[in-house]
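Novice:
4 protein chains.
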Amino acid sequence: MTREEIQRTAVDLFAHKGFAATSIRQLGTAAGVNPATLYHYAAGGKEEWLATIMRTCLAELLRLGRLALVSSEDPNIQLVQLVRGHVGMTALNPLTARVTDQEMRALSADNFAELVAVRDDYESMFSTVLTRGVRTSAFQVVDARLTRLALLEMCNGVAHWYRPDGRLSVMQVADQFGELASRIVGATRKTDVDLSDNEVVPRRLATEPSSGQSDAVAATA
Amino acid sequence: MTREEIQRTAVDLFAHKGFAATSIRQLGTAAGVNPATLYHYAAGGKEEWLATIMRTCLAELLRLGRLALVSSEDPNIQLVQLVRGHVGMTALNPLTARVTDQEMRALSADNFAELVAVRDDYESMFSTVLTRGVRTSAFQVVDARLTRLALLEMCNGVAHWYRPDGRLSVMQVADQFGELASRIVGATRKTDVDLSDNEVVPRRLATEPSSGQSDAVAATA
Amino acid sequence: MTREEIQRTAVDLFAHKGFAATSIRQLGTAAGVNPATLYHYAAGGKEEWLATIMRTCLAELLRLGRLALVSSEDPNIQLVQLVRGHVGMTALNPLTARVTDQEMRALSADNFAELVAVRDDYESMFSTVLTRGVRTSAFQVVDARLTRLALLEMCNGVAHWYRPDGRLSVMQVADQFGELASRIVGATRKTDVDLSDNEVVPRRLATEPSSGQSDAVAATA
Amino acid sequence: MTREEIQRTAVDLFAHKGFAATSIRQLGTAAGVNPATLYHYAAGGKEEWLATIMRTCLAELLRLGRLALVSSEDPNIQLVQLVRGHVGMTALNPLTARVTDQEMRALSADNFAELVAVRDDYESMFSTVLTRGVRTSAFQVVDARLTRLALLEMCNGVAHWYRPDGRLSVMQVADQFGELASRIVGATRKTDVDLSDNEVVPRRLATEPSSGQSDAVAATA
DNA sequence: GATGAATGAGGATTCATTCAT
DNA sequence: GATGAATGAATCCTCATTCAT
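If you're matching them up, the sequences are chains A, B, C and D in order. Residue 58 is where the first sequence starts when you use the working numbering, and the numbers rise one by one after that. Residue 58 is where the second sequence starts when you use the working numbering, and the numbers rise one by one after that. Residue 58 is where the third sequence starts when you use the working numbering, and the numbers rise one by one after that. Residue 58 is where the fourth sequence starts when you use the working numbering, and the numbers rise one by one after that.
(1) Kindly list, in the order they appear in chain B, the residues whose Cβ is closer than 8 Å to that of Val199 of chain A.
(2) Using a 10 Å radius around the Cβ and a threshold of 16 neighbouring Cβ atoms, would you call Ser181 of chain A buried or exposed?
(3) Closer than 9 Å, Cβ to any Cβ of chain D: which residues of the region 71-97 of chain C, in chain order?
(4) Terminal residues of the continuous alpha helix (DSSP H) containing Met228 of chain C?
(5) For Ser80 of chain D, count neighbouring C-beta atoms within 10 Å of its own C-beta (all shown protein chains included) and say buried if the count is 16 or more, exposed if not.
(6) Roughly how far, in whole angstroms, is the beta-carbon of Gly190 of chain B from the beta-carbon of Phe183 of chain B, given that I think they are within contact range, below 8 Å?
(7) Can you give me the Cβ contacts of Asn150 of chain A inside the same chain, cut-off strictly under 6 Å, excluding the 5 residues immediately before and after it?
(8) Give me the residue from B:Asp249, B:Ser194, B:Gly223 and B:Leu252 with the minimum Cα distance to Gly243 of chain B.
(9) In chain order, which continuous runs of the alpha helix (DSSP H) of length 4 or greater are located wholly inside the region 142-198 of chain C?
(10) Does any residue of chain C have a CB that is nearer than 8 Å to the CB of Gly102 of chain D?
(11) Check the C-beta distance from Ala108 of chain A over to Leu172 of chain A and give it rounded, since I have them as a contact under 8 Å.
(12) Rounded to a whole number of angstroms, what is the C-alpha to C-alpha distance between Arg141 of chain A and Gln233 of chain A?
(13) Does any CB atom of chain C fall closer than 8 Å to the CB of Gly269 of chain D?
(14) Count the C-beta pairs between the region 63-78 of chain C and the region 149-169 of chain C that are closer than 8 Å, then say yes if the count reaches three, no if not.
(15) In chain B, which residues lie with their C-beta within 7 Å of the C-beta of His143 of chain A?
(16) Pick out whichever of D:Thr66, D:Glu104 and D:Val258 has its Cα sitting closest to the Cα of Met161 of chain D.
(17) Using three-state DSSP, classify Glu105 of chain A as helix, strand or coil.
(18) Who are the neighbours of Thr227 of chain A on chain B, taking C-beta pairs under 7 Å?
(19) Among A:His143, A:Val137, A:Asn133 and A:Ala100, which has the Cα closest to the Cα of Leu121 of chain A?
(20) From the beta carbon of Trp218 of chain B, is the nearest beta carbon of chain A less than 8 Å away?
(21) Of the residues C:Ser253, C:Ala238 and C:Gly223, which one's Cα is nearest the Cα of Lys247 of chain C?
(22) Helix, strand or coil, according to DSSP, for Leu118 of chain C in the structure here?
(23) Would you call Leu84 of chain B buried or exposed, if buried means 16 or more other Cβ atoms sit within 10 Å of its Cβ?
(24) Go ahead and pull the three-state DSSP assignment for Pro132 of chain A.
(25) Applying the 10 Å Cβ sphere with the 16-neighbour rule, what's the burial state of Ala93 of chain C?
(26) Tell me whether Thr79 of chain A sits in a helix, a strand or coil according to DSSP, three-state version.
(27) For the region 106-128 of chain A, which residues have a CB atom closer than 9 Å to at least one CB atom of chain B, in sequence order?
(28) Please list, in chain order, all residues of the same chain as Ala201 of chain B whose beta carbon is under 7 Å from its beta carbon, the five residues on each side excluded.
(29) Just the chain A side, please: which residues come within less than 7 Å of Ile241 of chain B by C-beta, in chain order?
(30) Can you look up Leu139 of chain B in the DSSP assignment and give me helix, strand or coil?
(31) Where Gln138 of chain C and Gly235 of chain C are concerned, what is the direct C-alpha to C-alpha distance, given to the nearest angstrom?
(32) Under 9 Å Cβ-Cβ, which residues of chain C neighbour Arg162 of chain D?
(33) Of the residues D:Cys114, D:Arg60 and D:Val127, which one's Cα is nearest the Cα of Ala100 of chain D?
(34) For Val127 of chain D, does the three-state DSSP call read helix, strand or coil?
(35) Taking the alpha carbon of Arg112 of chain A as the point to measure from, which residue in A:Ala87, A:Ala174 and A:Thr86 has its own alpha carbon closest?
(36) Measure the Cβ-Cβ separation of Glu62 of chain D and Ala88 of chain D and say whether it is below 8 Å.
The following block contains the structure:
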């Protein structure tokens, strides 16, 4: 439990001050433990905290991505589900997502290679869906690669501005971004995603500092 | 001239390693000057380099934004011009834009207040245009605020992936993002922007490290 | 038994890395016990391991020295036996001897005083024999003190280079050093030491890490 | 000058406390400079001080060794000159020699490889001379390798006990060790080394802390 | 007897910055 | 205008050790 509390503190500090600008002393103080104790929980030192956070986050993205891909064979639905999962996950764990997105460069060679590979795996799902949608004329895009990048940046951006205590619920944001994504790819027919037994539901990560809300369902209701 | 060379070096380092992770000594070494000499060019120390970079970048964005707003009274055209200017500027100066976008948190209180105010001024232009477009039914958006944020993040994201020596020219990217923006806001009529005497042309900033290309026009041709 | 295993591990580490450069954690890891457990076996902490090792080693040297002195009244024989014992003991327990010789300075005041006194007691045996040999004209030395120091350093040096799995057996080395010692002191008559019931036989110390051989006799055969 | 003063302080501390047990802070305090300043003079950090000391010392040994080898073709003289140079150098720079002899293990891989190679080069001179002496029957040794090791350790040992303010001058010690070496190798004819224009004269090293005496000649007179 | 958790002190090193030259 | 020297503060991390379990 203590370990997770420290991890949440780390996410909070890394997200707001940046990894490089956060000292191990600050982390210790904020978490209420002696700086030396941090090495008890993470022998790898400062970077291990970062890498663990990122692994957790990317694992959840991968999980949601896979669910999205198997949720339908229709590229329209796959894309919307991908985006809903990504944005929902990001809005539900904005600080974790921010750290994961912004601090890749802080990693040393080994962790960098590992985690970039995972991220690339994840992002390739967007390529797959986009490419299929273009081939089947479900989408009308000028440049698939540019479109993918625009989409991903737009979705990642949610981590920069979403506030759990704000005007919009996690699922409202996720749904609207699904709509925006459809527009961006020029979806040729309007596809209402059947959410009756939707399984692409993002989870609150153990790394995300608490901010009042509890989980995706509660946030939607 | 030396000052500008140092500034370009600073942008390069800040963009790739982050401000906090870049030491004044690394900057000196990379720029080929003694670290102490950096204090002749910027008495304010490390942060002055950062603040100057950001001021330069935001000033250019403001300039382009104003040109976009006066380029037409049609919200469709205004929005597309805003986006084309923003994206063009970002693609033309990706490292400067990246630093400006990502390192706000590194600023001390004074500089932070000043520069956030400038950025808010700039971003309010998007609000203005969006709101007018919604009021006049030129746009079909569910939530104007969310739409603005999605748009801005998508545009800012260009700084994360655009490569001057890549497949697409600055203006190709700018034009395509204009199209994406139109889709995102659900533009009701297709508006071909007349670019015959278009004045919204981004400039290469003195802060941007060289990467082969020279300016926006050349990149377009 | 565990205690002795730890002690052997300690000798190994202290001999190869030095006492100061060996952490209690490394010792624990190498010995396969939790670092905290080390304090059950040696409440005095890190230094107690060192002091115990040294005491063991010096006790054996003292034992051999006394045997050497009573083995004969002839200074020639006494000296050769002293050297044979010292070198044999050193070659049989090279790591223990190395630690004992090199790490005196790491001891705190109390242990330092105690163990230096023991060492001085031991080394005074060489003085005694040398002085008697000079007085009786058994030896031809220019400077007894210098000779004693040269002898001792030469003998201690064995700990730096002797390898149990090397070309020479413990006893071969011991015998040859006996010969060298005779030469150094300019022994006036050649004295063949009768080894038929020689009692100056070094023992394998419990502190010495295993290296394949078992004891002095086996090593001789 | 400051650099050399720091170096002498470093030798003093390393010799008396050991490299690992000497902190960079202690070195700074003892040298009267801020710990950070030490990195101004030796960017490589703590180990650079050690490696520099060793390089200086080994270079002087090599120089003396080469002079000894060319001083005569007679193995007797060569050996005595080698030993006189080695012991003279060691007695003249006891602390530097001690550090060089004892702290090899503290070096990192690169420096270790470099400096061990130099040391091996030097020590091979003893092998060369011994082998020739044995072949020409100038020497009577049972085991050339063992003899070389015994000789070297005896000579190195001088660094452990020689005191500049002691009873014996540097050259007295050097000469006596020359005599001991002759005995050890069983020199068949007594060779009086002609020292009238002897060039094998050890120099005071810049790394050696001052202790009252000035140089080899003065110490001899 | 054994150990995971915890910590204050200290390890080497780098930091941004100043200043005399 | 430029820089080598210098430093106090802070960096990450490891230390030997204690203690509740």
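Beta carbons are placed, not taken as given, at the ideal position from N, Cα and C, and that holds for glycine. Here the structure is a predicted model, which is why all the values come from computation and not from measurement.
Specialist: In brief:
(1) Around Val199 of chain A, the beta-carbon contacts reaching into chain B at under 8 Å are Gln233 and Glu236.
(2) Taking every protein chain shown into account, the CB of Ser181 of chain A has fewer than 16 other CB atoms within 10 angstroms, so this residue is exposed.
(3) Under the 9 Å Cβ criterion, the region 71-97 of chain C contributes His73, Lys74, Gly75, Phe76, Ala77, Ala78 and Thr79.
(4) Counting along the chain, the alpha helix (DSSP H) containing Met228 of chain C begins and ends at Val227 to Ile241.
(5) Answer is exposed; the Cβ neighbour count stays below 16.
(6) The Cβ separation is near 10 Å, so there is no contact.
(7) Leu262 and Glu265.
(8) Residue nearest to Gly243 of chain B within the set B:Asp249, B:Ser194, B:Gly223 and B:Leu252 is B:Ser194 (criterion: CA-CA distance).
(9) Within the region 142-198 of chain C, the alpha helix (DSSP H) runs of at least 4 residues that lie entirely inside it are, in chain order, 151-159 and 166-192.
(10) No, its Cβ sits nowhere closer than 8 Å to a Cβ of chain C.
(11) Confirmed, Cβ separation roughly 7 Å.
(12) When rounded, the distance between both Cα atoms is 8 Å.
(13) Residue confidence for Gly269 of chain D is low, a pLDDT of 44 falling below 50, so the modelled location carries little weight; the figure read from the coordinates is stated next. Not closer than 8 Å to any Cβ of chain C, the Cβ of Gly269 of chain D fails to qualify, so no.
(14) In short, these stretches touch, since the Cβ pair count reaches three.
(15) Correct list: empty, because the minimum Cβ distance to chain B is about 13 Å.
(16) Comparing Cα-Cα distances from Met161 of chain D to each of D:Thr66, D:Glu104 and D:Val258, the minimum goes to D:Glu104.
(17) DSSP places Glu105 of chain A in the helix class (H, G or I) of the three-state scheme.
(18) Note that residue 227 of chain A is Val in the sequence shown, not Thr. Neighbours of Val227 of chain A on chain B: none; closest Cβ ~13 Å, over 7 Å.
(19) For the residues A:His143, A:Val137, A:Asn133 and A:Ala100, the minimum Cα distance to Leu121 of chain A belongs to A:His143.
(20) Cβ-Cβ to chain A under 8 Å: yes for Trp218 of chain B.
(21) Checking every option, the nearest Cα to that of Lys247 of chain C belongs to C:Ala238.
(22) Per DSSP, reduced to three states, the secondary structure at Leu118 of chain C is helical.
(23) It counts as buried.
(24) In this structure, Pro132 of chain A counts as helix in the three-state DSSP scheme.
(25) The residue in question, Ala93 of chain C, is exposed, as its Cβ has fewer than 16 Cβ neighbours within 10 Å.
(26) DSSP places Thr79 of chain A outside both helix and strand once states are collapsed to three, so it counts as coil.
(27) Within the region 106-128 of chain A, no residue qualifies.
(28) Leaving aside the five residues that flank Ala201 of chain B on each side, the residues in its chain whose CB is nearer than 7 Å to its CB run, in chain order, Leu187, Thr188 and Val191.
(29) Neighbours of Ile241 of chain B on chain A, chain order: Leu237, Arg240 and Ile241.
(30) Helix.
(31) Distance between the alpha carbons of Gln138 of chain C and Gly235 of chain C: 7 Å.
(32) Within chain C, the residues near Arg162 of chain D are His73, Lys74, Gly75 and Ala78.
(33) Ranking the options by Cα distance to Ala100 of chain D, first place goes to D:Arg60.
(34) If DSSP states are grouped into helix, strand and coil, Val127 of chain D belongs with the helices.
(35) Taking Arg112 of chain A as reference, the option from A:Ala87, A:Ala174 and A:Thr86 with the minimal CA-CA separation is A:Ala174.
(36) Yes, they are a contact pair.
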